[in-house]
Amino acid sequence: MQNFAEELRAALLLILSGDPDMWSIVLLSLRVSLTATVVAAAIGLPLGAILAVTRFPGKQLVVVVVNALMGLPPVVVGLTVYLLLSNSGPLGVLSLLYTPTAMIVAQVLLVLPIITALTRQIISELDGEYADQLRSLGLSRMQTVPTLLWDGRFQLMTALLAGFGRAVAEVGAVLIVGGNINHVTRVMTTTIALETSKGNLALALALGVILIMIALMVNAAVAATALRAQRLSHA
Amino acid sequence: MRDHTDQLRANWAKDAAPAVPACRVDVSDLTVARDRKTLLNIPALTLNAPGPSVIIGPNGAGKSVLLRLIHGLLPATTGQIALTDPSGGGAVKQAMLFQKPVLLRRSVSGNLGFVLRQQGVPWRARRARIDELLAQGHLQTRAKQPARSLSGGEQQRLALVRALATGPDLLLLDEPTAPLDPAATREIEGLIRQISASGIKIVMVTHDLGQARRLASEVILLHRGQVQEQAPTDRFFALPRSAAAQAFLSGDLLR
Ligand SMILES: Nc1ncnc2c1ncn2[C@@H]1O[C@H](COP(=O)(O)OP(=O)(O)OP(=O)(O)O)[C@@H](O)[C@H]1O
Ligand SMILES: [Mg+2]
């Protein structure tokens, strides 16, 4: 216990001292996961909304599959992207393996089903309320998509935050496709795994504390979003 | 649309319905069935009174179904509904105020701007048109407020002027004053009179018989999916001919 307290003290000192190595790891983590979330949102928001408002044969199956993909194990995503990007893989010529770009690609795949599925759910519900009114105002089904996305903006924000939370906290995918290379592809989660196994608990703990603070901030943002929506009677 | 607003101003005080409404509705051989239940059965019905045609009847009579059908939101099982412009002015545009209108999660002007943009009104003209509509709904001081934070009466006025923003020839109103207090009801009724006087054909549903008397040119009683009586307002209330109308007016009509 004595040991843990000491390590924690060292960890806090590390955070407060502004250790440049540590902060570059934090920044890379945020850069990778934020980029992945933005890319996944650019695809997943319209995709989820279109899935919500259109009818086609086999739609139920697609919905079930997308929902199931929300729980995709990160290591499986990592392995798949690895196979695609490795020298002998179909995208090997791009030489992306062990770069931050590869990590972003892996996290996009991980986050995309989450954002798509949650968007479909949120927009479906909103559509139930809006469909007749929007049709009455002269909108075609496809034209309702941007309207529904905008009017669902507060709820959709929570979907994006859920996606970001998942990305920044996962370790399996970025470890496999990033390789945990110092100063290149080392992010918070992979560093924690490595440093813990090496016995460097102070750095691991420091990053752990920062990760938890990020999780807290994401949750606070979700709560603030809900509150703002309510205040505007937009909930 | 410009015509309507200009005419609206011209008729501001006059408050009279024009001789010929902008639209007539012809229903023929209509049936609507759902789950083996017949919701509507109307062999023939024409709505072309100059002022509002007001549909009354007990809960579940099929009033909302009829309006949604006219509006094209429900398919008929058999028969058809024809909307024609007696002056021969091309396709009839229609708008509807729902029993529970859905306001968008935007400001009051945002709700109006949305419809105008949808109508293809250019950005510059939109601003002025929004101001006109706000004034018409007595909502000038509410322009920036989130639409869903308005009071019930204000929300209803916004929904009404938003329907007007589409520039309709035919306006369908489903119980426009149901949740409102007497003063708010009077305001909406005033608006409806202006709209009707501007030449827009109004077909509305109400449970308020006083309102039917005040606004209607003709009254249609619907009961169990069938038209029991259609008559000019005075005649309907003074000398109801059908047994259903007599029972309804004395509060004895069974659902
Ligand atoms: N989509 C539908 N499927 C099956 N039944 C329906 C459908 N829509 C309406 N109905 C039924 O049709 C009947 C008439 O409904 P409608 O909403 O037109 O009544 P209403 O005359 O408007 O009554 P109220 O005065 O209560 O508004 C009701 O029994 C209702 O349950
Ligand atoms: Mg009704």
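Protein sequence lines correspond, in order, to chains B and Z. Converting from the first sequence to this note's numbering requires adding 1 to each position, the first position being numbered 1. Converting from the second sequence to this note's numbering requires adding 9 to each position, the first position being numbered 1. Note that CB positions come from ideal geometry on N, CA and C, so glycine has one too.
Closer than 8 Å at the beta carbon, the chain B residues around residue i
| i | result |
| --- | --- |
| G175 (chain Z) | According to the sequence provided, residue 175 (chain Z) is Thr. The question's Gly does not apply to it. Neighbours of T175 (chain Z) on chain B, chain order: L138, G139. |
| L82 (chain Z) | D133, R136, S137 |
| Q255 (chain Z) | The contacting residues do not exist; Q255 (chain Z) stays about 35 Å from chain B at best. |
Where the alpha helix (DSSP H) containing residue i begins and where it ends
| i | result |
| --- | --- |
| R261 (chain Z) | The sequence given here places Asp at residue 261 (chain Z); Arg does not occur at that position. Element bounds for D261 (chain Z): n/a, residue is neither H nor E. |
| N220 (chain B) | 202-232 |
| T197 (chain B) | 189-199 |
| I204 (chain Z) | 191-206 |
| L248 (chain Z) | No alpha helix (DSSP H) contains L248 (chain Z), which DSSP labels as neither H nor E. |
| I182 (chain B) | No alpha helix (DSSP H) holds I182 (chain B); DSSP gives it neither H nor E. |
| D20 (chain B) | Unbroken run through D20 (chain B): none, as it is neither H nor E. |
| E163 (chain Z) | 161-173 |
| E171 (chain B) | E171 (chain B) -> no alpha helix (DSSP H), and no H or E assigned at all. |
| Q145 (chain Z) | 132-145 |
| A221 (chain Z) | 218-224 |
| V29 (chain Z) | Here V29 (chain Z) belongs to no alpha helix (DSSP H), and DSSP marks it neither H nor E. |
| D152 (chain B) | 145-152 |
Start-to-end residues for the beta strand (DSSP E) that takes in residue i
| i | result |
| --- | --- |
| E238 (chain Z) | 235-241 |
| M213 (chain Z) | 210-214 |
| T186 (chain Z) | No beta strand (DSSP E) holds T186 (chain Z); DSSP gives it neither H nor E. |
| G42 (chain Z) | According to the sequence as given, residue 42 (chain Z) is Ala; it is not Gly. Looking at the DSSP string, the run of the beta strand (DSSP E) that includes A42 (chain Z) is 33-43. |
| V228 (chain Z) | 227-232 |
Residue i: contacting residues in chain Z (beta-carbon distance under 7 Å)
| i | result |
| --- | --- |
| S234 (chain B) | P155, R157, S158 |
Amino acids of chain B, ordered along the chain, whose beta-carbon sits closer than 7 Å to that of residue i
| i | result |
| --- | --- |
| Q127 (chain Z) | L138, G139, L140 |
Amino acids of chain Z, ordered along the chain, whose beta-carbon sits closer than 8 Å to that of residue i
| i | result |
| --- | --- |
| D152 (chain B) | L113, R114, R115 |
Short CB-CB distance (under 9 Å) between residue i and chain D
| i | result |
| --- | --- |
| R77 (chain Z) | Reference to chain D is not applicable here, since the protein chains of this structure are B and Z. |
Checklist entry - Can you list, in chain order, the residues of the segment 119-137 of chain B whose Cβ is nearer than 7 Å to any Cβ on chain Z? => result Along the segment 119-137 of chain B, going in chain order, the ones with a CB nearer than 7 Å to a CB of chain Z are E130, Y131, D133, Q134, R136, S137.
Next on the checklist: I'd like the ranges of any alpha helix (DSSP H) spanning at least 4 consecutive residues and lying wholly in the segment 52-120 of chain Z.
Outcome noted: Taking only runs of at least 4 residues, the alpha helix (DSSP H) segments lying wholly in the segment 52-120 of chain Z are 72-79.
Checklist entry - What residues in the segment 104-123 of chain Z bring their beta carbon closer than 8 Å to a beta carbon of chain B? => result Per Cβ criterion, the list reads A104, M105, F107, P110, V111, L113, R114, R115, F123.
Item to check | 4-residue-minimum alpha helix (DSSP H) runs that sit fully inside the segment 55-118 of chain B, ordered along the chain | outcome: Counting only runs of 4 or more, we get 60-70, 75-86.
Checklist entry - How do the segment 138-146 of chain B and the segment 66-82 of chain B stand: do at least 3 beta-carbon pairs fall below 8 Å, yes or no? => result Touching, no, given that fewer than three Cβ pairs across the two stretches are closer than 8 Å.
Checklist entry - Are there three or more Cβ pairs, one per stretch, closer than 8 Å when the segment 21-33 of chain B is compared with the segment 204-214 of chain B? => result Output reads yes: the segment 204-214 of chain B touches the segment 21-33 of chain B.
Checklist entry - Would you call the segment 238-246 of chain Z and the segment 217-229 of chain Z touching, i.e. three or more CB-CB distances under 8 Å? => result Counting Cβ pairs under 8 Å, three or more are found: they touch.
Checklist entry - Taking three-plus beta-carbon pairs below 8 Å as touching, is the segment 94-102 of chain Z in contact with the segment 112-123 of chain B? => result Judged by Cβ distances under 8 Å, the segment 94-102 of chain Z makes no contact with the segment 112-123 of chain B, as fewer than three pairs qualify.
Checklist entry - Can at least three beta-carbon pairs, one atom from the segment 153-169 of chain B and one from the segment 85-92 of chain B, be found at a separation below 8 Å? => result At 8 Å Cβ cutoff, the stretches do not touch.
Checklist entry - Are there three or more Cβ pairs, one per stretch, closer than 8 Å when the segment 176-194 of chain Z is compared with the segment 143-159 of chain Z? => result In short, these stretches do not touch, since the Cβ pair count stays below three.
Next on the checklist: Taking 8 Å as the cut-off, does the segment 126-137 of chain Z touch the segment 63-78 of chain Z (at least 3 CB pairs, one atom from each stretch)?
Outcome noted: The segment 63-78 of chain Z makes no contact with the segment 126-137 of chain Z: fewer than 3 CB pairs, one atom from each, lie closer than 8 Å.
Next on the checklist: Could you check whether the segment 189-202 of chain Z touches the segment 161-170 of chain Z, counting it as contact only if at least three pairs of C-beta atoms, one from each stretch, sit closer than 8 Å?
Outcome noted: Contact between the segment 189-202 of chain Z and the segment 161-170 of chain Z is present, with at least three C-beta pairs closer than 8 Å.
Next on the checklist: Closer than 8 Å is the cut-off here; do at least three beta carbon pairs connect the segment 37-57 of chain Z with the segment 103-116 of chain Z?
Outcome noted: No, they do not touch.
Checklist entry - When the Cβ atoms of the segment 3-13 of chain B are set against those of the segment 189-203 of chain B, are three or more pairs found closer than 8 Å? => result Touching, per the Cβ criterion.
Checklist entry - Is it a yes or a no for the segment 98-109 of chain B touching the segment 52-65 of chain B, going by three-plus beta-carbon pairs under 8 Å? => result The answer is no - the segment 52-65 of chain B does not touch the segment 98-109 of chain B, with fewer than three Cβ pairs under 8 Å.
Next on the checklist: I want to know whether the segment 107-117 of chain B touches the segment 32-49 of chain B - three or more CB-CB distances under 8 Å.
Outcome noted: Output reads yes: the segment 32-49 of chain B touches the segment 107-117 of chain B.
Checklist entry - Touch check for the segment 45-54 of chain Z and the segment 200-210 of chain Z: three-plus C-beta pairs under 8 Å? => result Remark: fewer than three beta-carbon pairs, one from each stretch, lie closer than 8 Å, so the segment 45-54 of chain Z and the segment 200-210 of chain Z are not flagged as touching.
Checklist entry - Can you find at least 3 beta carbon pairs, one from the segment 72-84 of chain B and one from the segment 130-139 of chain B, that sit closer than 8 Å? => result The segment 72-84 of chain B vs the segment 130-139 of chain B: no contact.
Checklist entry - Is there contact here, the segment 118-125 of chain Z with the segment 133-146 of chain Z, by at least three beta-carbon pairs under 8 Å? => result Counting C-beta pairs closer than 8 Å gives three or more between the segment 118-125 of chain Z and the segment 133-146 of chain Z, which meets the contact rule.
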